[in-house]
Every structure is written in structure tokens, then in C-alpha cells.
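Colleague: Structure below; questions to follow.
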DNA sequence: GTCTATAAAAGGATAGAC
DNA sequence: GTCTATCCTTTTATAGAC
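Have a look at this one:
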């Protein structure tokens, strides 16, 4: 895969200059096609055209359609780790931190890219269960774990009354997904602009603050 | 479609005795195959085998794969209307009614049939947007509308403090879906038995009661 | 490694007999 | 209406030249 042939030094240099251009072209084209059409409706011919290479070139770099799909989707799942929950280590109030998390979460989870990725995960979870695991770990599970840690410190400081921090964190994100995320998944709603997102985040944080302000929960 | 030929009275009688057996066989087989494999992975040959008929018989009853798929999925969406929110016209407490609704909702929405149907709606919402509409209207939208009406009466009676009843109802169901529904969609979680469902319903109702017990919301 | 050409199979849809 | 046999397109994957 990384064996640079000695027979055509000029071509080898062209590859070395930006590190296997063809392979990156394939990945870029396949990412576009798979995210747009899903696994079944995407064809290797269409991917080859989108990448500007021939089909055989794809097969020289990947074992087949399944392997290419797994590589593409797995990479997109790993990217979910980046825009995580911002750390709230300052002296901001709980409500302020939750509101900031809410806005970031809504912006990320309702984005077109994210919605399309989740649609594909759901569509192909039978054929590629490992991808569902990767998505869940890198996305929802990671966000929940971070928020749970923060909520736990808030609970230990006596600011809120919750039982299981993980369950409390899951509830917060579930409230944020609300009805709009389901509609987005089904392609019903077009968009939610920043003002609407802020309003909804405010509504959820207000509701959540009341929910966790009460007596300790039995878990 | 319903024109019973006069040329073969015996066959015509066989059809009349239970009302077009072949058509029902096709629907049964297609329902099974489509819900199990989705649109793309299902083949007309496979459906014909599952139904115990020939391919041409399917084409005699339906215009093609698309029309058959739409008929099958649309019918399953219509069935969602049946197990709706139980009416709470008695003198039960708000909490009791919500708890009953929560249990019924969890049982229905987490069922294997319902999860598979929603997976297909999500997968094919690009090709069949009308089906997503049908699902949303018959399922989530219908449940929200019924709960919203109930919450509105509770608000007018001074029992709870909410802004938009529809938004309040959507929040309740979003809390119930929680994290578990997303996991089910991705095929990660196996099952939630009745005891676990009851515990989770209790947790959500408790949290929700606190959330709606506070001051009036700005919507 | 990369391309053109081709194999081999599967799937949607149709023809024609009964 | 129903079946068997067939057409035609699409699709994954491979062969062979350079």
C-alpha cells in the first residue's frame, strides 16, 4: 500500500509530494457518494467517477465495496470526537454551562452532515453493526460521559439533586434532541436557524434546571 | 382488480371465499421481506418466494417495486394510529395518567416492529418522502396532539405551568425516548423488559413533573 | 499503480401460454 | 389471474496491457 515503486521515479515523486493523491481522491469521492446515497444506492462506478479514477484503481487500494464503506464511515465517526462538550472548569454557573453545551450540541447534531451520517448508521446497522458501535462510542456516548462527569461535580457541590449522573446526562441530551431531531432524521424539517436553536436551548435548560433542582431521585 | 372473471367460476369462487388470497399472500410476504431487509436489499424474486407466488403475479397486482413498497409501508404507518395515548378523562391524578401514557409509549415505540419500521422510514426518506410524512402524522404527531390536548386542560385547571402545550408534549415524549431509543435504532441494545421500562417511566415522569411544576415558561 | 475491456451474476420488468 | 421462460440493464469484481 505504501510501497513506492522504483520503476517510475517521476510518478513516485508525484505521489510522495502530497502522499498518495489517488488514495485521497478515492476517499474524498467515496465519502461524498456514500453520505449522499447510502451504501446500497452507491455504485463503485459512481464513486470512481466522483473520485476521478477508474474502478480498478479503487480495487487496488481497498478490498471491495464493503471495506471501502467501512473505512469511510469509520473515519466520519472518529471525527465526531472532535467537537465535544466544552469543558466547564471556570466559575460559570451550572445554567450558563448547560446553555453553552446545549447550543453546541444542537448545532452539531442537527447539522446536515451529522444527520446524513446517522441515517446511514441506522440503515446499515444490520450489515455493519461495528459501525453503529463506533458511532455510538465516538458521538453520543462520549458526550454523555463528559457531561456526566461535570454533573457529578455539580451534585457533589450540592448544586443539583440527581441520582445516576449518566442517566441525568442522557436525559439532558434526549430533551435537546426533542421532536426536531426525529423530524430531521425523516427529512421533514428543513432547518433551524441560530435564533430558533437558542430559544429551544433556553427552553430545555430551563426545564432541565427545574427537573434536577428537586429532591434526590431514586435510581 | 376486483373484476372476477366469468370464464373460470371455480377459481373465481376460490378467490371470493376469502377475498383474493394471492393478493393477501403478496402483501404478507412483501411486508415480511421489506421490514426485514429494507427497500434496497429486498428483491422481487425474494418477495415472490416469501409470498409463494410468481413474480408476474406480483406485477399483476402492483405496478412495480416502488408501488408495492409504498403500499406496504403506508399500511404499516396507518396501523400506528391504533395504539394511541389512552384517554385520561377520569379523575386520576396527572402523574398517574402520565405514568400510564409513558408505559404504553415505551412498549410501543421500543417494539421490534416499530423500530424496524422507523429504520426503513429514515433510510428511504429521500426516495419516499411521502412515507415519512405518513409515519410522522400517524405516529409521533398523533401522540403529541393527544397529549397536548390533555396537558392544556391540566394547565387551564392550574395543575401545571407550561407555555405551548404542543412543545410540552413533545418534551415529554423526547424524555421517554431518551438514549435507549437511539440505541435501539442503531441495533445496539437488545431489549428492555417490563420492570426496566416501568422504572424508566417512573424516572421520566418524576423529572417531568418537576419541570412543569415551576413558573410559567416564556415561549 | 493505473487504465480499458470484460466477465459473471443479480435484479426489475415483460412476453406468451394456459 | 397465474405461471414459466426470457430480456435488458446495472453492478461487483477481475484480466491484461502499459
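Residue numbers (the working numbering), protein chains in the order written: chain A, 79 to 297; chain B, 79 to 297.
Where is the CB? At the ideal position from N, CA and C, for every residue including glycine.
Given the structure is predicted, the values throughout are model-derived calculations rather than measurements.
For residue 223 of chain B versus residue 290 of chain B, is the C-beta spacing smaller than 8 Å?
Modeller: Taking the second chain and counting its residues from 1, one reaches residue 223 of chain B at position 145. Taking the second chain and counting its residues from 1, one reaches residue 290 of chain B at position 212. Not a contact, by the Cβ cut-off of 8 Å.
Colleague: Report the three-state DSSP secondary structure of residue 238 of chain B (helix, strand or coil).
Modeller: Working through the second chain from its first residue, we reach residue 238 of chain B at position 160. Three-state result, residue 238 of chain B: coil.
Colleague: Taking a contact to mean a Cβ-Cβ separation below 8 Å, would you say residue 198 of chain B touches residue 151 of chain B in this structure?
Modeller: As a working mapping, residue 198 of chain B is identified with position 120 in the second chain. As a working mapping, residue 151 of chain B is identified with position 73 in the second chain. Against a cut-off of 8 Å, the Cβ pair of residue 151 of chain B and residue 198 of chain B comes out as a contact.
Colleague: Expressed to the nearest angstrom, what Euclidean distance is found between the alpha-carbon atoms of residue 274 of chain B and residue 123 of chain A?
Modeller: In the second chain, counting from the first residue as 1, residue 274 of chain B sits at position 196. In the first chain, counting from the first residue as 1, residue 123 of chain A sits at position 45. For residue 274 of chain B and residue 123 of chain A, the distance between alpha carbons rounds to 48 Å.
Colleague: Ignore the nearest five residues each way along the sequence and tell me which others in residue 146 of chain A's own chain have a CB closer than 6 Å to its CB.
Modeller: As a first step, residue 146 of chain A must be located in the first chain, where it is residue number 68. So the list reads 108, 140, once near-sequence residues are dropped.
Colleague: Taking a contact to mean a Cβ-Cβ separation below 8 Å, would you say residue 237 of chain A touches residue 172 of chain A in this structure?
Modeller: Numbered from 1 along the first chain, position 159 holds the residue referred to as residue 237 of chain A. Numbered from 1 along the first chain, position 94 holds the residue referred to as residue 172 of chain A. A contact, by the Cβ cut-off of 8 Å.
Colleague: Given a limit of 8 Å on CB to CB distance, which residues of the region 213-229 of chain B reach chain A?
Modeller: In summary, the residues of the region 213-229 of chain B whose CB is separated from some CB of chain A by less than 8 Å are 213, 214, 218, 222, in the order they occur in the chain.
Colleague: For the alpha helix (DSSP H) holding residue 153 of chain B, just list the boundary residues, first then last.
Modeller: Walking along the second chain from the start, residue 153 of chain B turns up at place 75. Unbroken alpha helix (DSSP H) run through residue 153 of chain B: 143-157.
Colleague: Span of the alpha helix (DSSP H) holding residue 243 of chain B?
Modeller: Here the question's residue 243 of chain B lines up with position 165 in the second chain. 243-255 is the span of the alpha helix (DSSP H), which, as asked, contains residue 243 of chain B.
Colleague: Check whether the Cβ atoms of residue 261 of chain B and residue 259 of chain A lie closer than 8 Å to each other.
Modeller: On the second chain, position 183 is the one that residue 261 of chain B refers to. On the first chain, position 181 is the one that residue 259 of chain A refers to. No, Cβ-Cβ distance for residue 261 of chain B and residue 259 of chain A is not below 8 Å.
Colleague: Measuring alpha carbon to alpha carbon, tell me which residue in A:183, A:149, A:226 is nearest residue 272 of chain A.
Modeller: Counted from its first residue, the first chain places residue 272 of chain A at position 194. Checked all of A:183, A:149, A:226; the closest Cα to residue 272 of chain A is A:183.
Colleague: When the Cα atoms are used, what is the spatial distance from residue 251 of chain B to residue 129 of chain B?
Modeller: Stepping through the second chain from its first residue, residue 251 of chain B is reached at position 173. Stepping through the second chain from its first residue, residue 129 of chain B is reached at position 51. Between the alpha carbons of residue 251 of chain B and residue 129 of chain B lies a gap of roughly 37 Å.
Colleague: Which residues of chain B have a Cβ atom closer than 9 Å to the Cβ of residue 155 of chain A, listed in chain order?
Modeller: Position 77 of the first chain, counting from 1, holds the residue named residue 155 of chain A. Those do not exist, as residue 155 of chain A stays about 11 Å from chain B at its closest Cβ, beyond 9 Å.
Colleague: Residues of chain A with a CB under 7 Å from the CB of residue 207 of chain B: which are they?
Modeller: Looking up residue 207 of chain B in the second chain gives position 129. Those are 265, listed as they occur along chain A.
Colleague: Would you say residue 216 of chain A and residue 158 of chain A are within 8 Å of each other, going by their C-beta atoms?
Modeller: Indexing the first chain from 1 puts residue 216 of chain A at position 138. Indexing the first chain from 1 puts residue 158 of chain A at position 80. Cβ atoms of residue 216 of chain A and residue 158 of chain A: closer than 8 Å.
Colleague: Identify which residue in B:212, B:202, B:177, B:144 has its Cα closest to the Cα of residue 280 of chain B.
Modeller: Here residue 280 of chain B refers to the residue found at position 202 when the second chain is read from its first residue. A check of alpha carbon separations from residue 280 of chain B across B:212, B:202, B:177, B:144 identifies B:177 as the nearest.
Colleague: Tell me which same chain residues have a C-beta within less than 8 Å of the C-beta of residue 255 of chain A, skipping the five on either side of it?
Modeller: Your numbering for residue 255 of chain A matches position 177 in the first chain. 187.
Colleague: Which word fits residue 189 of chain B, buried or exposed, when buried means at least 16 other C-beta atoms lie within 10 angstroms of its C-beta?
Modeller: Looking up residue 189 of chain B in the second chain gives position 111. That one is exposed.
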